[in-house]
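Presented below is the structure to which this report refers.
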Amino acid sequence: MTISLEALRRCSIAVDLGAARTRVYLRRTGLIVDEPTVAAVNTHTGGLIAVGALAERMTGRTPEHIRVVRPVSNGTVVDIEMAQRMLRLLLGNKLRRAWRRRPLVSAAVCVQHDADPLAQRAAVETLTGIGAKRVELVDTLIAAAVGCGLPVERPEATMIVVCGAATTQVAVLSLGSIVAAERVPVGGETVDHAVVQYLRNEHALMLPSQAVRPLHLLLKNGADGAPAVPSTEVHGRDVATGLARTVRIDVGSVRSAIRTPLTGVLDAIGTVLRRCPPDLVADLADRGIMLAGGSAVLPGFDTMLREATGMPLNIADHPDVCAVEGLGAMLDGKVQPLLLNAMVS
Numbered sequence: 000m001t002i003s004l005e006a007l008r009r010c011s012i013a014v015d016l017g018a019a020r021t022r023v024y025l026r027r028t029g030l031i032v033d034e035p036t037v038a039a040v041n042t043h044t045g046g047l048i049a050v051g052a053l054a055e056r057m058t059g060r061t062p063e064h065i066r067v068v069r070p071v072s073n074g075t076v077v078d079i080e081m082a083q084r085m086l087r088l089l090l091g092n093k094l095r096r097a098w099r100r101r102p103l104v105s106a107a108v109c110v111q112h113d114a115d116p117l118a119q120r121a122a123v124e125t126l127t128g129i130g131a132k133r134v135e136l137v138d139t140l141i142a143a144a145v146g147c148g149l150p151v152e153r154p155e156a157t158m159i160v161v162c163g164a165a166t167t168q169v170a171v172l173s174l175g176s177i178v179a180a181e182r183v184p185v186g187g188e189t190v191d192h193a194v195v196q197y198l199r200n201e202h203a204l205m206l207p208s209q210a211v212r213p214l215h216l217l218l219k220n221g222a223d224g225a226p227a228v229p230s231t232e233v234h235g236r237d238v239a240t241g242l243a244r245t246v247r248i249d250v251g252s253v254r255s256a257i258r259t260p261l262t263g264v265l266d267a268i269g270t271v272l273r274r275c276p277p278d279l280v281a282d283l284a285d286r287g288i289m290l291a292g293g294s295a296v297l298p299g300f301d302t303m304l305r306e307a308t309g310m311p312l313n314i315a316d317h318p319d320v321c322a323v324e325g326l327g328a329m330l331d332g333k334v335q336p337l338l339l340n341a342m343v344s
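Residue numbers (numbering that gives the first Met the number 0): 0 to 344.
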């Protein structure tokens with residue numbers, strides 16, 4: 000997909016519909032929505048009960064007539080109607096006031112690299128259904144690179160790894176375009192699943208879904224010079240009896256368990272580097288890799304990539320909002336294209 004900066008500057012809002020969180024950037028205003036991509040529905044009436052953070056807290060705690068749904072899966076909108084209803088509630092009056100002054104607006108939305116036509120169409124229909132007159136599609140990799148402050152418009156190689164909830168995308172960019180890219184189904188949800196499976200197999204303990212993320216903070220201990228915590232207590236449900244039980248787990252063992260699924264990202268990086276010209280790879284030896292995305296802060300992830308590749312590795316200042324911030328920078332006209340004038344003989 001080709002990005003037109005002129006077309007993006009005519010857009011009023013930028014949307015990043017992620018599997019984990021939905022973020023909306025309003026032109027000349029900034030980030031106005033940053034909420035989990037979750038909705039709670041009353042199955043009897045079909046009405047929405049809650050969206051965002053409140054709906055996420057309901058996960059695993061609802062009666063039979065309430066269902067918690069996620070309209071975005073693997074970076075693709077799988078339930079267009081529910082995504083539209085969720086966005087309307089999340090935006091509320093914040094966007095209605097802006098669109099009342101200019102009803103025929105354009106919107107920009109991030110889509111995964113090499114997204115198929117159905118995924119692109121789903122993203123377009125989601126935004127047109129809430130009032131957008133025209134929708135511009137922008138590759139998440141380019142938007143995230145801009146949001147990280149990488150000089151994507153220059154004739155120099157920049158490598159970015161965008162770690163999402165369900166997928167990780169790896170790319171080398173130069174002259175404002177993607178030279179080589181790869182996408183693997185590894186993300187924060189994969190790591191969560193690895194932790195749950197480890198506790199089930201080693202301790203016969205079923206961990207509540209909302210107890211995995213706090214465990215990540217403990218797993219980060221001992222990494223990058225942080226004080227190490229050798230073990231911790233985890234509360235869950237016994238697999239055999241179904242009763243509540245508390246076990247003490249070894250933090251190092253859990254950290255080792257989550258390294259296995261993350262090796263898929265290493266394979267993707269190797270594939271992308273093999274596709275690049277040698278001159279660009281030489282640039283990366285000095286510049287290194289930029290890590291972005293909501294799952295970029297996974298425990299030990301940066302250390303593993305640094306040791307395996309031997310290249311410098313940097314984590315973006317705000318890795319979770321890089322894509323929408325980069326898209327917002329394009330809307331606000333903060334990105335200037337490199338002018339290449341054709342030579343006439």
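Glycine included, every Cβ here is placed at the ideal spot set by N, Cα and C. Keep in mind it's a predicted model, so treat the numbers as computed, not measured.
- DSSP lists Val137 as the bridge partner or partners of Cys109.
- Annotation: the continuous beta strand (DSSP E) that includes Gln168 extends over Thr167 to Ser173.
- A residue is called buried when at least 16 other Cβ atoms come within 10 angstroms of its Cβ; Thr245 does not meet this threshold and is exposed.
- For Met310, no beta strand (DSSP E) run applies, since DSSP gives it neither H nor E.
- Closest in C-alpha terms to Arg69, from the list Met81, Pro62 and Thr42, comes Met81.
- With 16 or more other Cβ atoms inside 10 Å of its own Cβ, Asp191 counts as buried.
- Assignment of beta-bridge partners to His234 by DSSP yields Thr245.
- DSSP places Met329 inside the alpha helix (DSSP H), whose first and last residues are Cys321 to Leu330.
- Scanning Gly128, Ala156 and Gly130 for the CA closest to the CA of Ile141 turns up Ala156.
- DSSP places Asn41 inside the beta strand (DSSP E), whose first and last residues are Ala38 to Asn41.
- For Met289, the enclosing beta strand (DSSP E) covers residues Ile288 to Ala291.
- Of Leu312, Leu214 and Gly293, the smallest CA-CA separation from Thr302 is found for Leu312.
- In the DSSP assignment, the residues bridged to Ala49 are Ala39.
- Ranked by Cα distance from Ala239, the first of Pro276, Gly309 and Asn200 is Asn200.
- Within 10 angstroms of the beta-carbon of Gly293 lie 16 or more other beta-carbons, which makes it buried.
- As the crow flies, the alpha-carbon of Ala107 is around 12 Å from that of Asp331.
- The beta carbon of His64 sits closer than 8 Å to the beta carbons of Asn41, Thr42 and His43 from its chain, once the five residues preceding and following it are set aside; these are given in chain order.
- Counting along the chain, Leu16 sits inside the beta strand (DSSP E) bounded by residues Cys10 to Leu16.
- Counting the other CB atoms within 10 Å of its CB gives Asp115 a total below 16, which places it among the exposed residues.
- Taking all protein chains in view, the Cβ of Glu135 is crowded by 16 or more other Cβ atoms within 10 Å, so the residue is classified as buried.
- Residue pairing of Met158 in beta bridges, as defined by DSSP: Val171 and Ile288.
- Looking at the DSSP output, Asp33 sits in a beta bridge with Arg22.
- In this structure, the alpha-carbon of Val37 lies about 6 Å from that of Val50.
- Counting along the chain, Val151 sits inside no beta strand (DSSP E), nor does DSSP assign it H or E at all.
- In the structure shown, Arg27 adopts coil according to DSSP, grouped into three states.
- Sequence-distant partners of Cys321 (beyond 5 residues in either direction) whose C-beta falls short of 6 Å from its own C-beta, in its chain, are Ala143, Gly146, Cys147, Ala291 and Ala315.
- Distance check between Gly241 and each of Met205, Val14 and Ala18 places Met205 closest, using alpha-carbon atoms only.
- With respect to Thr125, Ile177 sits apart: the two C-beta atoms are not nearer than 7 Å.
- Listed in chain order, the beta strand (DSSP E) runs fully inside the stretch 171-195 are 176-183, counting runs of at least 3 residues.
- In the structure shown, Val264 falls within a helical segment according to DSSP collapsed to helix, strand and coil.
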